[in-house]
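Novice:
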Amino acid sequence: MAVITYGALSLFAPTWRRRTRIVLSVFAPLAVVLLMAWWILRVVGSAGRED
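This is the structure in structure tokens:
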């Protein structure tokens, strides 16, 4: 996932420094995974109770 993100950043932002692209390519997928995990836990956690 990080390799795909790094490739996309290299394509769309070639003027950015290499280190910036590497950091973003690691943290962007991580943020997406954390967001998905939070959303799934929220949906699963709220499935049993009624407001």
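Straight run, no breaks: the sequence shown in this note's numbering ends on number 220. Beta carbons: idealized from backbone N, C-alpha and C, even for Gly. Nothing here was measured: the structure is a model prediction, and the numbers come from that model.
Give me the residue from LEU178, SER194, VAL201, ALA177 with the minimum Cα distance to ALA171.
Specialist: Closest option to ALA171, Cα to Cα, is SER194.
Novice: What does the alpha-carbon distance come out to for the pair ILE209 and THR184?
Specialist: Looking at the two C-alpha atoms, the distance is approximately 37 Å.
Novice: Between which two residues does the alpha helix (DSSP H) carrying THR174 extend?
Specialist: Residues 171–181.
Novice: Please report how far the alpha carbon of VAL202 lies from the alpha carbon of THR174, in whole angstroms.
Specialist: Distance between the alpha carbons of VAL202 and THR174 is about 13 Å.
Novice: Would a C-beta distance cut-off of 9 Å place ALA178 and ARG190 closer than the cut-off?
Specialist: In the sequence as displayed, the identity of residue 178 is Leu instead of Ala. Taking 9 Å as the Cβ cut-off, LEU178 and ARG190 qualify as a contacting pair.
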